[in-house]
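Working notes for the structure below.
Residue numbers (the numbering used here): 46 to 575.
Given below as structure tokens:
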């Protein structure tokens with residue numbers, strides 16, 4: 046006869062066996078798909094695959110070469126499965142996934158990197174500059190209300206702006222608000238900010254007259270202009286280093302796999318070269334990925350400027366000297382310029398650059414190794430493209446006569462704080478020189494426009510003497526911009542308006558305060574394009 050202890054032991058043993066069996070069954074169910082998946086891979090042409098590389102992206106046309114069939118083939122030839130994961134522009138998820146290692150690479154605009162990166166300890170490091178928006182993004186207005194930025198600035202109506210929040214569109218709106226001193230474009234501005242999901246919704250708001258201005262990207266910019274009812278106030282076609290897209294590698298992944306990072310860059314620049322040599326294949330790829338009508342592909346492609354290996358090495362990372370012998374580290378400059386806009390607009394409360402050092406967000410060693418070793422791509426094979434980042438202030442302009450200048454259309458006046466002169470003279474003071482240096486930084490973002498420098502005086506005194514004094518002051522500003530910032534003199538035109546165009550008087554403003562504001566110099570951009 047078994048004792049109670051023996052019986053309990055048997056029961057316990059049965060229970061243990063059942064638990065072990067159940068655990069084994071659960072484990073098998075979990076592992077079996079992986080085993081089957083591995084067996085399937087081992088018994089196929091995928092047997093040599095070294096792994097999967099995931100890239101976080103969105104639908105911006107500039108990313109199409111990175112996610113193209115050619116790029117997948119290039120990476121397959123190197124032994125890797127290349128997967129682009131579209132997060133619909135959710136930068137928070139993208140940076141979160143990058144920090145967790147759920148994706149190994151990510152694309153981002155520089156502004157999105159600065160806004161979102163810090164929250165995740167800047168998980169990615171820039172390994173290449175992909176492209177720049179060159180007309181793909183634009184501020185488009187109801188033409189019946191606004192035809193240029195100065196009309197927006199002077200309007201007393203509450204502005205209705207449709208835009209996509211936490212996107213390059215919002216940053217473009219912010220940058221223009223800072224550069225042209227339009228508080229209505231900023232978060233703290235007195236305007237109705239209509240947040241939408243994407244350019245299509247923003248375009249609908251504008252078309253239905255639910256918005257006065259919409260921030261659009263292609264193909265909706267072209268659609269808006271085709272209607273004849275809208276005006277482009279400003280587009281990235283006429284800006285430089287405003288919306289710049291970069292490729293980020295997860296920091297740990299990059300440190301552990303430097304050769305693989307070089308392979309990825311080699312594959313990408315090979316892909317870009319093939320598209321550059323065969324534009325028809327690029328059109329087909331864009332049409333396939335974006336589902337656009339064939340006649341819309343051309344306008345969309347005009348809105349993006351891709352950067353080659355040569356331009357990355359020479360213009361962005363400073364690996365190669367410019368034709369003048371100097372090295373340009375355009376990426377660091379663009380990072381600092383973007384941070385300055387975010388701070389000046391109060392979009393961010395503090396400097397988002399880690400340690401205040403932009404070089405902590407980039408790593409040129411992978412690009413440099415690719416250049417030095419010639420792994421699959423050589424700089425000479427890409428040709429010697431003209432620099433897209435040569436100091437835009439020094440761009441040459443042809444001379445215009447008075448009639449030519451009179452036919453230009455005004456875009457808007459830059460933000461310039463009061464420029465002081467010695468009383469009754471056109472001599473610049475030290476503070477005014479510093480203010481013009483700051484204005485030159487803003488001008489560098491808009492290389493396509495000519496510049497009117499308008500001098501103003503108060504309304505009292507002899508009109509012709511006032512005109513001459515205001516012209517002398519405008520000429521002093523022109524001379525300073527030419528000598529200190531090498532701006533083409535043919536690009537600049539000084540105009541003396543005397544007291545003929547006074548500022549509107551502010552409510553409850555004293556005579557003294559009003560008269561103090563009247564003598565001024567305005568720097569206005571004018572266009573030959575619109």
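Note that CB positions come from ideal geometry on N, CA and C, so glycine has one too.
Pairwise C-alpha distance: residue j and residue i
i, j, result
"residue 89", "residue 113", "Unreliable placement is indicated for residue 89, whose pLDDT of 46 sits below 50; the coordinate value is still reported in the next sentence. Taking the straight line from one Cα to the other gives about 24 Å."
"residue 412", "residue 175", "13 Å"
"residue 97", "residue 151", "14 Å"
"residue 99", "residue 128", "5 Å"
"residue 473", "residue 466", "5 Å"
"residue 145", "residue 393", "25 Å"
"residue 595", "residue 315", "Residue coverage of the chain in this structure runs from 46 to 575, which leaves residue 595 outside it and unanswerable."
"residue 448", "residue 320", "43 Å"
"residue 496", "residue 528", "16 Å"
"residue 443", "residue 141", "50 Å"
"residue 253", "residue 168", "42 Å"
"residue 563", "residue 464", "11 Å"
"residue 266", "residue 156", "22 Å"
"residue 183", "residue 543", "35 Å"
"residue 67", "residue 143", "36 Å"
"residue 395", "residue 209", "23 Å"
"residue 360", "residue 111", "21 Å"
"residue 272", "residue 263", "15 Å"
"residue 565", "residue 181", "35 Å"
"residue 328", "residue 382", "33 Å"
"residue 286", "residue 437", "10 Å"
"residue 61", "residue 71", "15 Å"
"residue 391", "residue 123", "46 Å"
"residue 354", "residue 365", "11 Å"
"residue 352", "residue 292", "12 Å"
N- and C-terminal bounds of the beta strand (DSSP E) containing residue i
i, result
"residue 95", "Run containing residue 95: none; DSSP gives neither H nor E here."
"residue 153", "150–154"
"residue 342", "No beta strand (DSSP E) holds residue 342; the alpha helix (DSSP H) holding it covers 339–347."
"residue 565", "565–572"
"residue 405", "From DSSP, residue 405 is part of no beta strand (DSSP E); its letter is neither H nor E."
"residue 127", "125–131"
"residue 495", "495–501"
"residue 173", "169–178"
"residue 197", "Where residue 197 is concerned, there is no enclosing beta strand (DSSP E), although the alpha helix (DSSP H) it sits in stretches over 194–199."
"residue 457", "454–458"
Cβ-Cβ separation, residue j to residue i (assumed contact under 8 Å), whole Å
i, j, result
"residue 461", "residue 571", "Actually they are not in contact, since the Cβ atoms of residue 461 and residue 571 sit about 16 Å apart, beyond 8 Å."
"residue 106", "residue 289", "With 8 Å as the limit, residue 106 and residue 289 do not qualify as a contact, their Cβ atoms being about 15 Å apart."
"residue 148", "residue 294", "Not a contact, Cβ separation roughly 10 Å."
"residue 179", "residue 297", "Residue 179 to residue 297, Cβ: 34 Å. No contact."
"residue 232", "residue 197", "So it is not a contact: roughly 17 Å between Cβ atoms."
"residue 195", "residue 505", "Rounded, the Cβ-Cβ distance is 26 Å, inconsistent with contact."
"residue 538", "residue 498", "7 Å"
"residue 250", "residue 256", "4 Å"
"residue 185", "residue 299", "Rounded, the Cβ-Cβ distance is 39 Å, inconsistent with contact."
"residue 500", "residue 518", "4 Å"
Range covered by the alpha helix (DSSP H) that runs through residue i
i, result
"residue 440", "Premise fails: residue 440 is in no alpha helix (DSSP H) and is neither H nor E."
"residue 482", "475–488"
"residue 330", "324–335"
"residue 184", "Careful: residue 184 lies outside any alpha helix (DSSP H), inside the beta strand (DSSP E) at 182–187."
"residue 386", "375–389"
"residue 115", "114–122"
"residue 108", "Note, residue 108: premise wrong, no alpha helix (DSSP H); not H, not E."
"residue 448", "447–451"
"residue 467", "It is not in any alpha helix (DSSP H) - residue 467 carries neither H nor E in the DSSP assignment."
"residue 135", "Residue 135 -> no alpha helix (DSSP H), and no H or E assigned at all."
"residue 296", "296–301"
is_contact[residue i, chain C] using C-beta, thresh 8 Å
i, result
"residue 131", "In the structure shown, chain C cannot be found, because there is only a single protein chain."
heavy atom of the ligand ZN below 7 Å from residue i C-beta
i, result
"residue 388", "You won't find the ligand ZN in this model; it holds no ligand whatsoever."
Mind pulling the alpha helix (DSSP H) runs of 4 or more residues that sit fully within the stretch 202–289? Within the stretch 202–289, the complete alpha helix (DSSP H) runs of at least 4 residues are 213–224, 244–252, 265–271.
Scan the stretch 503–556 and note each continuous alpha helix (DSSP H) run of 4 residues or more that stays entirely inside, going in chain order. Fully enclosed alpha helix (DSSP H) runs of 4 or longer: 508–530.
For the 8 Å Cβ check, are there 3 or more pairs between the stretch 190–207 and the stretch 149–164? A contact between stretches requires three or more CB pairs, one per stretch, nearer than 8 Å, and the stretch 190–207 fails this requirement with the stretch 149–164.
Would the stretch 221–230 and the stretch 435–455 be scored as touching if the rule is three or more Cβ pairs under 8 Å? Using a C-beta cut-off of 8 Å, the stretch 221–230 makes no contact with the stretch 435–455, since fewer than three inter-stretch Cβ pairs fall below that distance.
Three or more beta-carbon pairs under 8 Å between the stretch 339–357 and the stretch 383–401, yes or no? Output reads no: the stretch 383–401 does not touch the stretch 339–357.
Would the stretch 191–209 count as touching the stretch 235–252 if we require 3 or more Cβ pairs under 8 Å? In the pairwise beta carbon analysis, the stretch 191–209 is classified as touching the stretch 235–252: at least three pairs are separated by under 8 Å.
Closer than 8 Å is the cut-off here; do at least three beta carbon pairs connect the stretch 521–538 with the stretch 469–488? In short, these stretches touch, since the Cβ pair count reaches three.
Taking contact to mean 3 or more Cβ pairs, one atom from each stretch, closer than 8 Å, check whether the stretch 322–331 and the stretch 300–313 are in contact. No, the stretch 322–331 does not touch the stretch 300–313.
May I ask you to verify whether the stretch 333–340 touches the stretch 116–130, counting CB pairs closer than 8 Å and requiring at least 3? With a cut-off of 8 Å, the stretch 116–130 and the stretch 333–340 do not count as touching, because too few Cβ pairs lie within range.
Under 8 Å: do the stretch 363–382 and the stretch 399–414 share three or more Cβ pairs, one atom per stretch? In the pairwise beta carbon analysis, the stretch 363–382 is classified as touching the stretch 399–414: at least three pairs are separated by under 8 Å.
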